[in-house]
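Student: Residue numbers (the working numbering): 4 to 333.
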């Protein structure tokens with residue numbers, strides 16, 4: 004039974020260098036730069052958004068630009084890998100592309116019996132995976148037409164995230180009982196959970212997938228330090244405000260501390276920490292990223308939510324200048 008979660012909405016990580024981050028994700032990986040805005044809780048720092056051509060939930064990777072943050076250290080209680088879906092026949096293309104960009108990688112290697120995985124890291128050390136899987140052929144595709152990757156090989160949005168936990172039982176309980184994931188596979192200490200029929204999205208919406216989460220159980224390991232090169236939080240998508248309130252009520256009844264609904268302008272958010280300590284968010288699909296920009300203008304200039312617009316001149320003085328990507332340029 005679906006509990007109102009249809010997969011990943013977005014993943015937010017931390018970068019030390021906004022320009023280098025923009026160059027890597029748009030040039031090397033071919034994602035669309037969807038939004039240049041600020042961290043609403045820290046408006047003197049950028050919040051960068053990447054995704055597919057339409058900026059759809061399920062494709063959105065975001066970064067807080069915190070150059071003075073400590074460097075992250077790997078451990079338990081963190082998202083240790085963020086995975087993108089690629090077509091099965093694109094493995095050789097991506098190997099050649101990563102080599103041409105002098106990006107170190109590991110693989111491809113087989114995981115379970117249905118995934119071919121390439122592991123790499125962004126310039127801050129954030130661990131990424133390119134996962135070749137048959138589901139890429141079933142997913143509705145909105146590849147960025149102004150990007151650098153041919154449509155047949157381009158990233159199809161998220162495939163999964165991997166949670167590193169000292170023990171998996173309590174986290175698994177939240178995933179299954181509150182968020183509606185189902186356990187589907189296990190290989191040693193790696194457990195796979197999926198939203199049933201996740202690719203169907205919510206009623207009336209296109210297939211967007213991103214409905215898998217891995218829990219990697221690593222006992223007797225030190226807890227992670229979240230910082231530069233770390234995932235800050237993972238957001239799960241829900242179609243309506245009403246469904247979000249039902250989910251929040253159930254999360255609170257399960258004994259977890261959930262925030263009130265917070266208006267993030269592009270979506271509405273509820274935050275809580277799962278029992279292992281990882282920060283989760285429940286985010287609504289609407290209003291979406293075209294609430295303040297036309298499709299063709301996404302990511303072309305600094306945009307601010309209405310309540311910060313009066314600070315624009317002051318913010319533009321302290322925010323570092325960045326060169327935004329141009330179409331079809333290597």
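Even for Gly, the Cβ is constructed at its ideal location relative to N, Cα and C.
1. For residue 188, collect the residues of the same chain with a Cβ closer than 7 angstroms to its Cβ; drop the 5 residues on either side in sequence, then sort them by chain order.
2. My assumption, with CB atoms under 8 angstroms, is that residue 123 sits in contact with residue 141. Please give the rounded CB distance.
3. Measuring CB to CB, does residue 19 end up less than 9 angstroms from residue 97?
4. Would you mind listing the alpha helix (DSSP H) stretches within the segment 196-268 that are 4+ residues and don't spill past its ends, in chain order?
5. With a threshold of 9 angstroms between beta-carbons, can residue 69 be considered close to chain D, or not?
6. Cutting at 6 angstroms between CB atoms, please list the residues of its own chain near residue 236, excluding the five before and the five after it.
7. What are the partner residues of residue 54, as DSSP defines its beta bridges?
8. The alpha helix (DSSP H) with residue 113 in it runs from where to where?
9. How many angstroms separate the CA atom of residue 103 from the CA atom of residue 156?
10. If I measure Cβ to Cβ from residue 26 and keep anything under 6 angstroms in the same chain, skipping five residues before and after, which residues do I get?
11. At what residue ranges does the segment 60-86 contain a whole run of the beta strand (DSSP E), taking only runs of 3 or more?
12. What does the alpha-carbon distance come out to for the pair residue 307 and residue 319?
13. Go ahead and label residue 269 buried or exposed: buried means 16 or more other beta carbons lie within 10 angstroms of its beta carbon, across all protein chains shown.
14. In the structure shown, what three-state DSSP assignment does residue 189 receive?
15. Going by DSSP in three states, residue 5 sits in which element: helix, strand or coil?
16. Ordered along the chain, which non-local residues of its own chain (more than five positions away) have a Cβ less than 6 angstroms from that of residue 151?
17. Between residue 242 and residue 291, what straight-line distance do the alpha-carbon atoms span, to the nearest angstrom?
18. Within 8 angstroms, do at least three Cβ pairs link the segment 175-188 to the segment 82-95?
19. Mind the definition here: the segment 250-259 touches the segment 273-282 only if three or more C-beta pairs lie below 8 angstroms; say whether that holds.
20. Tell me which residue opens and which closes the beta strand (DSSP E) that residue 119 is part of.
21. Between the C-alpha atoms of residue 203 and residue 218, what's the straight-line distance to the nearest angstrom?
Tutor: Looking at the coordinates:
1. Indexing the chain shown from 1 puts residue 188 at position 185. Correct list, in chain order: 115, 195.
2. The count along the chain shown starts at 1 and reaches residue 123 at position 120. The count along the chain shown starts at 1 and reaches residue 141 at position 138. About 25 angstroms; that fails the 8 angstroms criterion.
3. Taking the first residue of the chain shown as position 1, residue 19 is located at position 16. Taking the first residue of the chain shown as position 1, residue 97 is located at position 94. Contact flag unset, no.
4. 244-256
5. Looking at the structure shown, chain D is missing, and only one protein chain is on hand.
6. Position 233 of the chain shown, counting from 1, holds the residue named residue 236. Around residue 236: 15, 282, 284.
7. The residue given as residue 54 occupies position 51 in the chain shown. The partner list for residue 54 (beta bridge, DSSP) reads 35.
8. Here residue 113 is taken as the residue at index 110 of the chain shown, counted from 1. That residue, residue 113, is in no alpha helix (DSSP H); its beta strand (DSSP E) goes 108-114.
9. As a working note, residue 103 is residue 100 in the chain shown. As a working note, residue 156 is residue 153 in the chain shown. Distance between the alpha carbons of residue 103 and residue 156 is about 16 angstroms.
10. Translated into positions along the chain shown, residue 26 becomes position 23. Excluding sequence neighbours, residue 26 sits near nothing in its chain.
11. Entirely contained in the segment 60-86, the beta strand (DSSP E) runs reaching 3 residues are, in chain order, 63-68.
12. Numbered from 1 along the chain shown, position 304 holds the residue referred to as residue 307. Numbered from 1 along the chain shown, position 316 holds the residue referred to as residue 319. Distance between the alpha carbons of residue 307 and residue 319: 11 angstroms.
13. Here residue 269 refers to the residue found at position 266 of the chain shown. With 16 or more other Cβ atoms within 10 Å, it is buried.
14. Start at 1 with the first residue of the chain shown, and residue 189 comes out as number 186. Strand.
15. In the chain shown, the residue the question calls residue 5 occupies position 2. It is coil, neither helix nor strand.
16. The sequence position of residue 151 within the chain shown is 148, counting from 1. Within the same chain, residue 151 has close Cβ partners 33.
17. One-based indexing of the chain shown puts residue 242 at position 239. One-based indexing of the chain shown puts residue 291 at position 288. Going from the Cα of residue 242 to the Cα of residue 291 covers about 11 angstroms.
18. no
19. yes
20. For this step, residue 119 is matched to residue 116 along the chain shown. In the DSSP assignment, residue 119 falls within the beta strand (DSSP E) that extends over 118-124.
21. For the purposes of this step, residue 203 is taken as the residue at position 200 of the chain shown. For the purposes of this step, residue 218 is taken as the residue at position 215 of the chain shown. With a pLDDT of 44 at residue 203, under the threshold of 50, the predicted position of this residue should be treated as unreliable, and no value is reported.
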